[in-house]
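Shown next, in structure tokens, is the structure this report addresses.
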Amino acid sequence: MPASFDLGGRVVIVTGGLGQLGASFARALLAAGAKVAVLDAVDGSERRTALFGDVS
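In my numbering, the protein residues as written are 293 to 348.
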């Protein structure tokens, strides 16, 4: 499915990115062409890291 909008050349910060909604938003923004930084605070009980797309 083609993206309904083009975010090429844009930089986006997603907070709360370790949750399901934040991760889904990050993937959708990447699919629309944005460069995405994902941030989240971890309380120490769980640590997850995920990288999607080109991180260069």
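Built from N, CA and C at the ideal position, the CB exists for glycine as well.
Which residues does DSSP pair with residue i in a beta bridge?
i: Leu321; result: Answer is none; Leu321 lacks a bridge partner.
In terms of residues, what are the limits of the beta strand (DSSP E) holding residue i?
i: Val306; result: Val303 to Thr307
i: Leu331; result: Lys327 to Leu331
Kindly give me the distance between the Cβ atoms of residue i and residue j, rounded to whole angstroms, as I take these residues to be in contact under 8 Å.
i: Ala324; j: Asp298; result: 6 Å
i: Val304; j: Leu321; result: 5 Å
i: Ala326; j: Arg302; result: 5 Å
Are the beta-carbon atoms of residue i and residue j separated by less than 9 Å?
i: Gly300; j: Leu331; result: no
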